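Novice: Let me begin by handing over the structure; questions about it come next.
Chains as they are written, first to last, in my numbering: chain U, 69 to 379; chain Y, 3 to 193.
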């Protein structure tokens, strides 16, 4: 069946006036959209989402907005040597907690007269779901990286929670040495967490592709020449995600994240759902979800901006 | 001993005109996370299209459905929700990822046809039916509260009272009114 026929089938379902058929049409777009968002979202790959039930939320006194309170491992003042006859000092056990706040993310409502949509050669379902995916991921991924940037402050700034600089400018372009300098940023904080995932964009990846055999030291140089540097599970003992979203991850930036258990929490209260409404010949679509994601351990993120990169 | 703060202490309750797909309810960013805007406040759009509490002459006005410190407006540090300072959902070119986050507010625009109840009014005013409503300009102590307008066309009018002032089902004093957008005539024209 070609796209035009899929279109006709889809639009016929929407304008059928039969509620079950309209739901079927919406559900088909739902499944496809959910799969693509899971595969293409940077946040969702760095911090996989867990389904959350409403009963798992934590009530607040002064608001009925949805929130979940998370606990972090309690800190302790450390052991000490004591002379004979002495006793150690005491301390009250306390614990850092943080909130994962939930809200709805929704796309704009697409509207159209079906009389015009029937003439489209492109699969309308594809238009609807592609736009929804792009829009929702922009909000999720943009919100995540914005939150990370704000936690880190600016290049060279000390993060108050850790007392360490976790956003550094590294000179000398992208080399084996400078990449390792970047990967060492996270380990310098008192939290001692190691990076598990690095996120760069395709322009940055091309800098790595320039490495010769002398830089890489093996057949990987040949592979980079033939296949390029793409998302991969293990390079410098870190998983790499390469994104085309230059607006979110800049050309000279490399974000590093710890394993999810040392990073934070991400929840889906309501998975992505497509709302479809057809009234006579007018149709409206939008996608919505209810999620929350938070970085609880600021020691689990780091960023390096590389200078001296040749264009 | 004080009672714990409740979600309805500062509240905007739409009575007519909402919800609905055509309701003129607009998502805007608050101008700053440092100046709190409570739920129910009357707000104006500044020159950047951001929202401030108060009635600024000549601006577009609206009423805040959520507060600038609400979880869905601005999350705690590290939260994705409420941490996107760009304006364009889906328009990735408008994202601004390195600025301080601005709270995301939902405004019931005065140009929309709503009947609303708000807790945010000047308790010293009198609100019989048909009273035109305005408010102080932004930046003042009472910015965000509605009050009786001194004179129509001398200052921006944001609403007209319908059922007056009374205690609602939560025992909170509210004023019920319909929204209205009636800008003041500039002083240079009146002169």
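Ideal placement from N, C-alpha and C gives every residue a C-beta, glycine not left out. The structure presented is a predicted model; accordingly, all values stated were derived computationally and were not measured.
1. State yes or no: is the beta carbon of residue 27/Y nearer than 8 Å to at least one beta carbon in chain U?
2. Please return the same chain residues whose Cβ sits closer than 7 Å to the Cβ of residue 180/U, not counting the five positions on each side in sequence.
3. Of the residues 173/U, 161/U, 153/U and 185/U, which one's Cα is nearest the Cα of residue 80/U?
4. Which of the three DSSP states, helix, strand or coil, is assigned to residue 74/U?
5. Where does the unbroken beta strand (DSSP E) through residue 83/U begin, and where does it stop?
6. Counting only C-beta atoms, is residue 66/Y closer than 8 Å to chain U at any point?
7. In chain U, what lies closer than 9 Å to residue 9/Y by C-beta?
8. Helix, strand or coil for residue 363/U? Go by DSSP, reduced to three states.
9. Hey, quick one: how far does the beta strand (DSSP E) through residue 334/U stretch, first residue to last?
10. Apart from the five residues on each side of it in sequence, which residues of its chain come closer than 7 Å, Cβ to Cβ, to residue 376/U?
11. Just to confirm the assignment: which complete alpha helix (DSSP H) runs, minimum length 4, are found wholly within the stretch 186–262 of chain U?
12. For the stretch 56–135 of chain Y, list the beta strand (DSSP E) runs that are entirely contained and at least 3 residues long, ordered along the chain.
13. Using a Cβ-Cβ cut-off of less than 8 Å, give me the residues of the stretch 99–113 of chain U that come near chain Y, in sequence order.
14. Among 166/U, 267/U and 97/U, which one has its Cα closest to the Cα of residue 354/U?
15. Which partner residues of residue 46/Y appear in the DSSP bridge assignment?
16. Return the CA-CA distance between residue 89/Y and residue 158/U, expressed in angstroms with no decimal places.
17. Determine, for residue 219/U, whether the minimum Cβ-Cβ distance to residues of chain Y falls below 8 Å.
18. Between the C-alpha atoms of residue 269/Y and residue 46/Y, what's the straight-line distance to the nearest angstrom?
19. Using a Cβ-Cβ distance under 8 Å, would residue 73/Y count as near chain U?
20. Within the continuous alpha helix (DSSP H) that includes residue 288/U, where are the two ends?
21. In chain order, what residues of the same chain have a beta carbon less than 6 Å from the beta carbon of residue 184/Y, not counting five sequence neighbours either side?
22. Compute the Euclidean distance between the alpha carbons of residue 134/U and residue 156/U, then round it to the nearest angstrom.
23. In this structure, does DSSP put residue 311/U in helix, strand or coil?
24. Who are the Cβ neighbours of residue 338/U in its own chain at under 6 Å, not counting the five residues just before and after it?
25. Can you list, in chain order, the residues of the stretch 203–227 of chain U whose Cβ is nearer than 7 Å to any Cβ on chain Y?
26. What are the boundary residues of the alpha helix (DSSP H) that includes residue 149/Y?
27. Note down the Cα distance separating residue 196/U from residue 343/U, rounded to an integer number of angstroms.
28. Could you tell me which residues DSSP puts in a beta bridge with residue 15/Y?
29. From residue 128/Y to residue 135/Y, what distance separates their C-alpha atoms?
30. If we cut at 8 Å on Cβ distances, does residue 172/Y have a partner in chain U?
31. Is the shortest distance between the beta-carbon of residue 186/U and the beta-carbons of chain Y less than 8 Å?
32. Using the rule of at least 16 other Cβ atoms within 10 Å of the residue's Cβ for burial, across every protein chain shown, is residue 321/U buried or exposed?
33. With DSSP as the reference, label residue 370/U as helix, strand or coil.
34. Pairing CB atoms from the stretch 64–73 of chain Y with CB atoms from the stretch 31–46 of chain Y, are three or more of them under 8 Å?
35. Would you list the one or two residues that DSSP bridges to residue 322/U?
36. Return the residue from the list 226/U, 373/U and 175/U that minimises the CA-CA distance to residue 203/U.
Specialist: Put simply:
1. As a working mapping, residue 27/Y is identified with position 25 in the second chain. Any Cβ of chain U closer than 8 Å to the Cβ of residue 27/Y would place that residue at the interface, and such an atom is absent.
2. In the first chain, residue 180/U corresponds to position 112, counting from 1. If we look at residue 180/U and ignore the five residues flanking it on each side, its Cβ neighbours are 351.
3. By one-based count along the first chain, residue 80/U stands at place 12. If we check each option's Cα against that of residue 80/U, 185/U comes out closest.
4. Indexing the first chain from 1 puts residue 74/U at position 6. If DSSP states are grouped into helix, strand and coil, residue 74/U belongs with the helices.
5. Translated into positions along the first chain, residue 83/U becomes position 15. Unbroken run through residue 83/U: none, as it is neither H nor E.
6. In the second chain, residue 66/Y corresponds to position 64, counting from 1. Judged by the 8 Å Cβ criterion, residue 66/Y is not in contact with chain U.
7. Translated into the one-based positions of the second chain, residue 9/Y becomes position 7. Neighbours of residue 9/Y on chain U, chain order: 128, 129, 130, 131, 132 and 133.
8. For the purposes of this step, residue 363/U is taken as residue 295 along the first chain, with counting starting at 1. If DSSP states are grouped into helix, strand and coil, residue 363/U belongs with the strands.
9. Within the first chain, residue 334/U is the residue found at index 266, counting from 1. Counted as a single uninterrupted DSSP element, the beta strand (DSSP E) harbouring residue 334/U occupies residues 332–347.
10. Counting from 1 along the first chain, the entry for residue 376/U is found at position 308. Cβ within range, chain order: 239, 240 and 241.
11. As far as the stretch 186–262 of chain U is concerned, its whole alpha helix (DSSP H) runs of at least 4 residues are 192–220 and 244–251.
12. Counting only runs of 3 or more, we get 63–66, 106–111 and 117–120.
13. 111
14. Looking up residue 354/U in the first chain gives position 286. Nearest C-alpha to residue 354/U: 97/U.
15. For the purposes of this step, residue 46/Y is identified with residue 44 of the second chain, where counting begins at 1. Paired residue(s): 54/Y and 63/Y.
16. Along the second chain, read from residue 1 onward, the residue named residue 89/Y stands at position 87. Along the first chain, read from residue 1 onward, the residue named residue 158/U stands at position 90. Low per-residue confidence applies at residue 89/Y: pLDDT is 47, beneath 50, and the placement is therefore not dependable, though the value from the model is reported in the following sentence. Looking at the two C-alpha atoms, the distance is approximately 50 Å.
17. Here residue 219/U refers to the residue found at position 151 when the first chain is read from its first residue. The beta carbon of residue 219/U sits closer than 8 Å to some beta carbon of chain Y.
18. The requested residue 269/Y does not occur in the structure, where chain Y is confined to residues 3 to 193.
19. Position 71 of the second chain, counting from 1, holds the residue named residue 73/Y. Closer than 8 Å: yes.
20. By one-based count along the first chain, residue 288/U stands at place 220. Here the alpha helix (DSSP H) through residue 288/U covers 288–295.
21. Reading the second chain from its first residue, position 182 is the one you call residue 184/Y. Around residue 184/Y, the same chain offers 159 as residues with beta carbons nearer than 6 Å, after the five sequence neighbours per side are excluded.
22. Locating residue 134/U in the first chain gives position 66, counting from the first residue. Locating residue 156/U in the first chain gives position 88, counting from the first residue. Each residue's Cα considered, the two are about 43 Å apart.
23. Indexing the first chain from 1 puts residue 311/U at position 243. When secondary structure is reduced to three states using DSSP, residue 311/U falls in the strand class.
24. On the first chain, residue 338/U is found 270 positions in, with the first residue counted as 1. Here the set comprises 357 and 358.
25. 203, 206, 207, 208, 210, 211, 212, 213, 214, 215, 217, 218 and 219
26. For the purposes of this step, residue 149/Y is taken as residue 147 along the second chain, with counting starting at 1. Counting along the chain, residue 149/Y falls outside any alpha helix (DSSP H), though it belongs to the beta strand (DSSP E) covering 148–150.
27. Walking along the first chain from the start, residue 196/U turns up at place 128. Walking along the first chain from the start, residue 343/U turns up at place 275. Taking the straight line joining both Cα atoms gives about 11 Å.
28. On the second chain, residue 15/Y is found 13 positions in, with the first residue counted as 1. BP columns for residue 15/Y point to 119/Y.
29. Within the second chain, residue 128/Y is the residue found at index 126, counting from 1. Within the second chain, residue 135/Y is the residue found at index 133, counting from 1. Going from the Cα of residue 128/Y to the Cα of residue 135/Y covers about 10 Å.
30. Within the second chain, residue 172/Y is the residue found at index 170, counting from 1. No, no contact with chain U.
31. For this step, residue 186/U is matched to residue 118 along the first chain. Closer than 8 Å: no.
32. For the purposes of this step, residue 321/U is taken as residue 253 along the first chain, with counting starting at 1. Per the 10 Å Cβ criterion, buried.
33. What you label residue 370/U is simply residue 302 of the first chain in a count that begins at 1. Correct three-state label for residue 370/U: strand.
34. By the criterion of at least three beta-carbon pairs nearer than 8 Å, the stretch 64–73 of chain Y is in contact with the stretch 31–46 of chain Y.
35. Indexing the first chain from 1 puts residue 322/U at position 254. Per DSSP, 372/U.
36. Stepping through the first chain from its first residue, residue 203/U is reached at position 135. Among 226/U, 373/U and 175/U, the Cα nearest to that of residue 203/U is on 175/U.
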